[in-house]
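In my numbering, the protein residues as written are 55 to 449. Even glycine gets a Cβ: it sits at the ideal position worked out from N, Cα and C. Worksheet for the structure shown next.
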Amino acid sequence: MQLSHRITHLTGGGSDGWDVFYRARRMKAEGVPVTELTIGEHDIGTHASILAAMNASAKGGHTGYAMVPGVASLRETVAKRIEEQTGVPTTADNVMITPGGQAALFAAHAATCNAGDTALYLDPYYATYPGTIRGVGAVAKAVQTHAEDAFQPRAADIDAAAEGAVSLLINSPNNPTGVVYSRQTLDGIAEVCKARDLWLISDEVYDTQVWEGEHISPRALPGMAERTLVVGSMSKSHAMTGSRCGWIVGPTEVITHLINLATHTTYGVPGFIQDAADFALNAGDELEAEVAAPFRRRRLLAKDILAGQNTISLVPAQGAMYLMLDVRATGMSGEDFANALLDAHHIAVMPGESFGQAAAGHIRVAMTIADEEFAKALQTLCAFATERANTVAAQ
55 MQLSHRITHL
65 TGGGSDGWDV
75 FYRARRMKAE
85 GVPVTELTIG
95 EHDIGTHASI
105 LAAMNASAKG
115 GHTGYAMVPG
125 VASLRETVAK
135 RIEEQTGVPT
145 TADNVMITPG
155 GQAALFAAHA
165 ATCNAGDTAL
175 YLDPYYATYP
185 GTIRGVGAVA
195 KAVQTHAEDA
205 FQPRAADIDA
215 AAEGAVSLLI
225 NSPNNPTGVV
235 YSRQTLDGIA
245 EVCKARDLWL
255 ISDEVYDTQV
265 WEGEHISPRA
275 LPGMAERTLV
285 VGSMSKSHAM
295 TGSRCGWIVG
305 PTEVITHLIN
315 LATHTTYGVP
325 GFIQDAADFA
335 LNAGDELEAE
345 VAAPFRRRRL
355 LAKDILAGQN
365 TISLVPAQGA
375 MYLMLDVRAT
385 GMSGEDFANA
395 LLDAHHIAVM
405 PGESFGQAAA
415 GHIRVAMTIA
425 DEEFAKALQT
435 LCAFATERAN
445 TVAAQ
């Protein structure tokens, strides 16, 4: 007997990009004190008021099967949120609740791609993107962005890759780069999608973490609502990563078919989780700002620290909970730098190569530990990089 090609080739036959992270976790399990700046996990827990709403819902009996499309009140709340963001009329029929944003990404590609179709995504990318595309039987094709453009995608590059493709996946604010796509960038993407008849899958899970510029959903652009699927989540905006509650928003015909898919796969999200999410979304901007505040603060802290050296450069950190740092002056790849830093100082960061080749020579730093510890780790990282760069210069 054999396993399916689809399941055995999710990672494309190579590494899944998490090798340094796994090594750091093994070191911690062996008792080594590792400072983790790897994954996007808040250092604060889910707010007590959200947990209280979850508890009240569960105790109130909402622990059985929930409606597969999602609880009506939450679908309506999400619809209202998306309509306010985009100006596009949106109802509950445009919304399906999913077990986190990752399930929504899979559903979006299942809806838009037949087996063997080409699906585009931008490099650098969140590590699950190509595997998600392969998981629905499509062919994952990366379109490189460029460090010299601060990783803003070029419409011409997308257009050049789009022959025969059926979809394009984008993410703004972006993980891993921290870049927020400009209106000019999104207009260019929209024009390519319309000219090439592409579905646009827009991962907007970091929409509450914008430090510079503004978040623009491509669903708001002329002629794009009918071809855009928006992915959202409670994970980043409300520190509900473990609750696994997200959504997909799109044309009603798409949502109808995705409800059929969910019936045969996830069969919905627990009702008490959805009730807590509904409470959280209705709690207002203050709660979202409270969750985002540590990252806003640490970004400014990082900019001050990085201004005191000239080895590492910072990709414009406009949004999300990450810093993308250029370490090419050390003469090392991002992967070599991350492994050497882990060995020398027990500080774990993600190599840029974990997110594609466009970010080679970079590392991603998650701003997810307490301010004082974060500052100390970043100062150590900078000193390590300067030491390595000086060694290269002396050779």
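Member of the options whose CA lies at the smallest distance from the CA of residue i
{"i": "Ala279", "options": "Ala429, Asp425, Leu254", "result": "Leu254"}
{"i": "Phe196", "options": "Ala204, Ile417, Ala181", "result": "Here the sequence assigns Ala to residue 196, which means Phe is not the residue at that position. Closest by alpha carbon: Ala181."}
{"i": "Gly71", "options": "Gly155, Ala448, Val403, Phe428", "result": "Val403"}
{"i": "Ala146", "options": "Thr131, Leu91, His96", "result": "Thr131"}
{"i": "Met150", "options": "Leu341, Gln206, Ala162", "result": "Ala162"}
{"i": "Ile270", "options": "Asn168, Ala120, Val142", "result": "Val142"}
{"i": "Val190", "options": "Thr100, His101, Ala158", "result": "Ala158"}
{"i": "Phe391", "options": "Met81, Asp241, Ile417, Glu95", "result": "Ile417"}
{"i": "Arg135", "options": "Glu427, Ile423, Thr262", "result": "Thr262"}
{"i": "Trp265", "options": "Gly114, Arg351, Asn229", "result": "Arg351"}
{"i": "Thr282", "options": "Thr186, Leu252, Gly185", "result": "Leu252"}
{"i": "Arg129", "options": "Ala371, Leu435, Ile313", "result": "Ile313"}
{"i": "Glu427", "options": "Ser58, Leu395, Leu91", "result": "Leu91"}
{"i": "Ala173", "options": "Pro227, Thr186, Val220", "result": "Val220"}
{"i": "Asn168", "options": "Glu138, Thr199, Arg353, Gly218", "result": "Gly218"}
{"i": "Gln139", "options": "Tyr175, Tyr183, Ala210, Leu275", "result": "Leu275"}
{"i": "Met81", "options": "Ala429, Asp397, Ala448", "result": "Asp397"}
{"i": "Gly155", "options": "Asp358, Val285, Leu240, Leu435", "result": "Val285"}
{"i": "Pro230", "options": "Ala201, Lys248, Asn148", "result": "Ala201"}
{"i": "Asp380", "options": "Phe349, Val419, Ser291, Gln433", "result": "Val419"}
{"i": "Asp171", "options": "Phe333, Ala106, Leu222", "result": "Leu222"}
{"i": "Thr317", "options": "Thr434, Met108, His63, Met121", "result": "Met121"}
{"i": "Lys290", "options": "Ile243, His311, Ala343", "result": "Ala343"}
{"i": "Tyr119", "options": "Gln328, Asn228, Asn393, Ile212", "result": "Gln328"}
{"i": "Ala347", "options": "Ala447, Ala424, His311", "result": "Ala424"}
C-beta atoms of residue i and residue j nearer than 8 Å
{"i": "Pro153", "j": "Thr320", "result": "yes"}
{"i": "Ala443", "j": "Ala383", "result": "yes"}
{"i": "Ser256", "j": "Arg237", "result": "no"}
{"i": "Pro178", "j": "Gly406", "result": "yes"}
{"i": "Ala413", "j": "Met386", "result": "no"}
{"i": "Ser287", "j": "Val259", "result": "yes"}
{"i": "Ser111", "j": "Ala293", "result": "no"}
{"i": "Val369", "j": "Gly232", "result": "yes"}
{"i": "Arg188", "j": "Gly66", "result": "yes"}
{"i": "Phe438", "j": "His400", "result": "no"}
{"i": "Ala216", "j": "Val193", "result": "no"}
{"i": "Thr117", "j": "Gly325", "result": "yes"}
{"i": "Asp73", "j": "Thr422", "result": "no"}
{"i": "Ser103", "j": "Asp332", "result": "no"}
{"i": "Gly373", "j": "Val234", "result": "yes"}
{"i": "Gln198", "j": "Gln411", "result": "yes"}
Opening and closing residue of the beta strand (DSSP E) in which residue i lies
{"i": "Lys290", "result": "Segment: none, Lys290 is in no beta strand (DSSP E) and carries neither H nor E."}
{"i": "Ile270", "result": "From DSSP, Ile270 is part of no beta strand (DSSP E); its letter is neither H nor E."}
{"i": "Glu90", "result": "89-91"}
{"i": "Thr199", "result": "Careful: Thr199 lies outside any beta strand (DSSP E) and carries neither H nor E."}
{"i": "Tyr76", "result": "Not the beta strand (DSSP E): Tyr76 falls in the alpha helix (DSSP H), residues 73-83."}
{"i": "Leu432", "result": "No beta strand (DSSP E) contains Leu432, which is instead part of the alpha helix (DSSP H) from 425-448."}
{"i": "Arg298", "result": "Counting along the chain, Arg298 falls outside any beta strand (DSSP E), and DSSP gives it neither H nor E."}
{"i": "Arg281", "result": "Segment: none, Arg281 is in no beta strand (DSSP E) and carries neither H nor E."}
{"i": "Ala420", "result": "416-420"}
{"i": "Asp257", "result": "253-257"}
heavy atom of the ligand GTP below 7 Å from residue i C-beta
{"i": "Tyr260", "result": "Among the ligands in the structure shown, none appear at all, so the ligand GTP cannot be discussed."}
Delimiting residues of the alpha helix (DSSP H) encompassing residue i
{"i": "Ala316", "result": "306-317"}
{"i": "His59", "result": "59-62"}
Inset, instruction - Output the residue ranges of the alpha helix (DSSP H) runs that lie fully inside the region 95-154 and measure 4 residues or longer, sorted by chain position. - result: Listed in chain order, they are 102-113, 126-140.
Legend entry - 3-residue-minimum beta strand (DSSP E) runs that sit fully inside the region 319-403, ordered along the chain: Listed in chain order, the complete beta strand (DSSP E) runs (minimum 3 residues) inside the region 319-403 are 376-380.
Legend entry - the region 287-301 in contact with the region 75-91 per 3-pair CB rule at 8 Å: The region 75-91 and the region 287-301 do not touch, with fewer than three beta-carbon pairs separated by less than 8 Å.
Inset, instruction - Would you check if the region 163-177 and the region 355-369 touch, i.e. whether three or more CB-CB distances between them fall below 8 Å? - result: Not touching, per the Cβ criterion.
Legend entry - the region 337-354 / the region 307-319 touching (three or more Cβ pairs under 8 Å): Short answer: they don't touch.
Inset, instruction - Report the residue ranges of all beta strand (DSSP E) runs contained in full by the region 163-243; include only those spanning at least 3 residues, in chain order. - result: The qualifying runs are 172-177, 193-198, 219-225.
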